[in-house]
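In what follows, a structure is listed as structure tokens, so that the remarks can point back to it.
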Amino acid sequence: MASEQDVRARLQRAGQEHLLRFCAELAPGPRAALLAQLESLEPEALREHCQRAAAACAQPPGPPPDLAARLRPLPPERVGSVSRSDAERRRLWEEEGFRQIALNKVAVLLLAGGQGTRLGVTYPKGMYRVGLPSQKTLYQLQAERIRRVEQLAGERHGIRCTVPWYIMTSEFTLGPTAEFFKEHGFFHLDPDNVVLFEQRMLPAVTFDGKAILERKDKVAMAPDGNGGLYCALADHQILEDMERRGVEFVHVYCVDNILVRLADPVFIGFCVLQGADCGAKVVEKAYPEEPVGVVCQVDGVPQVVEYSEISPEIASLRAPDGGLLYGAGNICNHFFTWSFLRAVTREFEPLLKPHVAVKKVPYVDEEGNLVKPLTPNGIKMEKFVFDVFQFAENFVAFQVLREEEFSPLKNADPAGRDSPTTARHALLAQHLRWALKAGARFVGAHGTRPPELPSGEPPVVCEISPLVSCFGEGLEEYLRGREFQSPIILDKNGVRALDP
Ligand code: UTP
Numbered sequence: 005m006a007s008e009q010d011v012r013a014r015l016q017r018a019g020q021e022h023l024l025r026f027c028a029e030l031a032p033g034p035r036a037a038l039l040a041q042l043e044s045l046e047p048e049a050l051r052e053h054c055q056r057a058a059a060a061c062a063q064p065p066g067p068p069p070d071l072a073a074r075l076r077p078l079p080p081e082r083v084g085s086v087s088r089s090d091a092e093r094r095r096l097w098e099e100e101g102f103r104q105i106a107l108n109k110v111a112v113l114l115l116a117g118g119q120g121t122r123l124g125v126t127y128p129k130g131m132y133r134v135g136l137p138s139q140k141t142l143y144q145l146q147a148e149r150i151r152r153v154e155q156l157a158g159e160r161h162g163i164r165c166t167v168p169w170y171i172m173t174s175e176f177t178l179g180p181t182a183e184f185f186k187e188h189g190f191f192h193l194d195p196d197n198v199v200l201f202e203q204r205m206l207p208a209v210t211f212d213g214k215a216i217l218e219r220k221d222k223v224a225m226a227p228d229g230n231g232g233l234y235c236a237l238a239d240h241q242i243l244e245d246m247e248r249r250g251v252e253f254v255h256v257y258c259v260d261n262i263l264v265r266l267a268d269p270v271f272i273g274f275c276v277l278q279g280a281d282c283g284a285k286v287v288e289k290a291y292p293e294e295p296v297g298v299v300c301q302v303d304g305v306p307q308v309v310e311y312s313e314i315s316p317e318i319a320s321l322r323a324p325d326g327g328l329l330y331g332a333g334n335i336c337n338h339f340f341t342w343s344f345l346r347a348v349t350r351e352f353e354p355l356l357k358p359h360v361a362v363k364k365v366p367y368v369d370e371e372g373n374l375v376k377p378l379t380p381n382g383i384k385m386e387k388f389v390f391d392v393f394q395f396a397e398n399f400v401a402f403q404v405l406r407e408e409e410f411s412p413l414k415n416a417d418p419a420g421r422d423s424p425t426t427a428r429h430a431l432l433a434q435h436l437r438w439a440l441k442a443g444a445r446f447v448g449a450h451g452t453r454p455p456e457l458p459s460g461e462p463p464v465v466c467e468i469s470p471l472v473s474c475f476g477e478g479l480e481e482y483l484r485g486r487e488f489q490s491p492i493i494l495d496k497n498g499v500r501a502l503d504p
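Residue numbers (my numbering): 5 to 504.
Written as structure tokens, this is what we have:
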């Protein structure tokens, strides 16, 4: 291990010597930990990172100049749509997707390195329960959807197949996530097919370019954004692992969308048949000012433009069909070919520009007191996973129905938006739609029709295990022509009535 003197010399080169200001008073253990952490920070990179963060924060880039004149929607031939295509076309996409899955060419990749600060729990978001009758966590729902899609593809093609699950974690989420999967027997997935890897961390920085001490013996670090994926893939030889398994197509998604369709065969099939190297699922923006990024083109190059960069006039423009011209809302649900990911990791990653996030970062003050700031005091630099769209040779977007595919968990209750309650309602409402479509009927306590409930909350509770159905398929055999009293769960053992 490096001596304090060595570390001090390195920090001087980086202009960050203040990080040692409590070193002399630390006990041997914490002191060694601090020196080890500081030794891992490469001086030139640290200097550049801190300077860059302060400069970017002092002068936020703002919208690209002349954006209005340079902005275009994606050309129609690059956009597929679930709702605007006929059943035969959807069937062809799905068939192709299942074929690729059956050939073991499809993997899913979960971005699970975030800190989930808005939700405010101390453990990884994937371990969160939104209050479903089954008490399943987000991780369990996802694991079961993988098992089901493997089963469906396998049955169609008369073979056993695997959809490997790559999970990007961070210093915050790796340990608890690994532990959680072990505790739950990997939810009956083969542990060899669940690959956890860790993204890098970057120091949080003050507005004047000083790395922050969160304790006397620890520098405040934050994950480098979900676009840290590309460095992490290279750091941990994940593409080599994919290559060994023969993976050619990767479905990348966020941990917090409770409706996510893992390895969605329709999306995969669409992208493969279009010859795409990179694709994004989108939902129609609900209203012009909705705060979601828009998938579009700037100077003919595909990218996600932040809602804050688009003026209200442009955001309200309508297409000839009446929909919003810039209505393709990004839902962090992406398709990448293995070759595209390799090109990004080898060639393009250094060109990605980090974004500035201004946050409240707990710190120790000059006297060594721990301070929890009430206003933002620090800068975290993050790369975004979608910033690689610009490098695609054949980029496509695929529009899906929000109520079927997108309900993110971002905030704690009672936020009213993107919360545990809205996520739970979205999933249960979907399951109820599927059940009714499959021919189920529901009655209230005295055999009456259940009343309509206030917005969002489904009138009856019918939770369907992803092991039985993950796209609404195959429910007739359990439900057609039968009458149930809410609440019920449908799982592999059939329908189970629950205590109201
Ligand atoms: P968000 O931007 O919503 O961040 O992440 P978050 O960490 O979940 O929540 P807040 O902002 O702290 O409240 C979108 C997705 O990107 C992942 C998250 O885990 C989530 O799936 N992510 C985010 C990473 O994998 N790494 C990161 O560094 C940041």
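Cβ atoms here follow ideal geometry from the backbone N, Cα and C, with glycine treated the same way.
In chain order, what residues of the same chain lie with their CB nearer than 7 Å to the CB of residue i, ignoring the 5 residues before and after it?
i: Phe410; result: Asn261, Leu263, Val287, Ile335
i: Pro424; result: Val134, Gly135, Leu413, Asp417
i: Asn197; result: Thr166, Pro168, Trp169
i: Tyr143; result: Gly130, Met131, Phe184
i: Asp495; result: Ser469, Leu471, Val472
Would you mind sorting residue i into buried or exposed? The rule is 16 or more other CB atoms within 10 Å of its CB.
i: Ala91; result: exposed
i: Glu353; result: buried
i: Lys285; result: buried
i: Arg453; result: exposed
i: Asn497; result: exposed
i: Ser469; result: buried
i: Ser174; result: buried
i: Ala1; result: As shown, the chain starts at 5 and ends at 504. That puts residue 1 outside it, with no answer to give.
i: Glu481; result: exposed
i: Asp369; result: exposed
i: Gly451; result: exposed
i: Leu355; result: exposed
i: Val375; result: exposed
i: Asn373; result: exposed
i: Asp391; result: buried
i: Thr121; result: exposed
i: Asp221; result: buried
i: Pro65; result: exposed
i: Arg428; result: buried
Among the options, which one has its Cα closest to the Cα of residue i?
i: Arg151; options: Ser138, Cys165, Val86; result: Cys165
i: Pro195; options: Glu183, Pro454, Glu202, Pro455; result: Glu183
i: Gly448; options: Glu487, Pro306, Leu479, Glu461; result: Glu487
i: Arg204; options: Gln489, Gly118, Leu440; result: Gly118
i: Thr426; options: Ala49, Trp342, Arg406, Asp245; result: Arg406
i: Glu81; options: Gln20, Val348, Gly279, Leu237; result: Gly279
i: Val223; options: Gln9, Asp268, Pro377, Cys27; result: Cys27
i: Glu371; options: Leu178, Ser7, Glu29, His188; result: Glu29
i: Val348; options: Gln434, Gly179, Tyr234, Ser312; result: Tyr234
i: Ala60; options: Lys357, Trp438, Gly476, Phe395; result: Lys357
i: Gly179; options: Val209, Tyr127, Gly451; result: Tyr127
i: Met172; options: Glu187, Gln241, Pro32; result: Gln241
i: Glu46; options: Phe271, Gln20, Ala62; result: Gln20
i: Ala433; options: Asp422, Glu461, Ala290; result: Glu461
Going by the CB atoms, is the gap between residue j and residue i shorter than 9 Å?
i: Arg56; j: Ala18; result: no
i: Phe399; j: Gly231; result: no
i: Lys384; j: Leu206; result: yes
i: Val112; j: Tyr257; result: yes
i: Leu23; j: Leu156; result: no
i: Leu479; j: Ala442; result: yes
i: Ala267; j: Ile105; result: yes
i: Arg265; j: Cys474; result: yes
i: Phe446; j: Gly229; result: no
i: Cys466; j: Ala430; result: no
Assuming residue i contacts residue j (C-beta within less than 8 Å), just tell me the rounded distance between them.
i: Ala226; j: Phe191; result: Actually they are not in contact, since the Cβ atoms of Ala226 and Phe191 sit about 29 Å apart, beyond 8 Å.
i: Phe253; j: Phe339; result: 7 Å
i: Val299; j: Val305; result: About 12 Å separates the two Cβ atoms, so there is no contact after all.
i: Lys364; j: Thr379; result: 7 Å
i: Leu329; j: Pro77; result: 6 Å
i: Val302; j: Pro68; result: 6 Å
i: Glu247; j: Trp97; result: Not a contact, Cβ separation roughly 26 Å.
i: Val296; j: Gly327; result: Actually they do not touch by this definition, with Cβ atoms about 15 Å apart.
i: Phe211; j: Ala58; result: 6 Å
i: Leu507; j: Pro137; result: There is simply no residue 507 to check, as the chain begins at 5 and stops at 504 in what is shown.
i: Pro292; j: Ala323; result: No, Pro292 and Ala323 are not in contact; Cβ-Cβ is about 13 Å, not under 8 Å.
If I measure Cβ to Cβ from residue i and keep anything under 8 Å in the same chain, skipping five residues before and after, which residues do I get?
i: Met5; result: Ala36, Leu39, Ala40, Glu43
i: Pro455; result: Gly448, Pro463
i: Gly181; result: With the sequence shown as reference, residue 181 is identified as Thr, and Gly is not the correct amino acid for it. Excluding positions up to five away in sequence, the list reads Ala116, Pro128, Gly130, Met131, Tyr143, Ile171, Thr173, Leu200.
Closer than 6 Å by C-beta to residue i: which residues in its own chain qualify, once you throw out the five before and the five after it? Chain order, please.
i: Ser85; result: Gln403
i: Glu100; result: Gly273, Val276, Leu277
If we define contact as Cβ-Cβ less than 9 Å, is residue i a contact residue for chain D?
i: Lys140; result: Among the chains of the structure shown, chain D does not appear; only one protein chain is present.
If you measure from the CB of residue i, is any heavy atom of the ligand PLP nearer than 8 Å?
i: Asp260; result: This structure lacks the ligand PLP; the ligands present are the ligand UTP.
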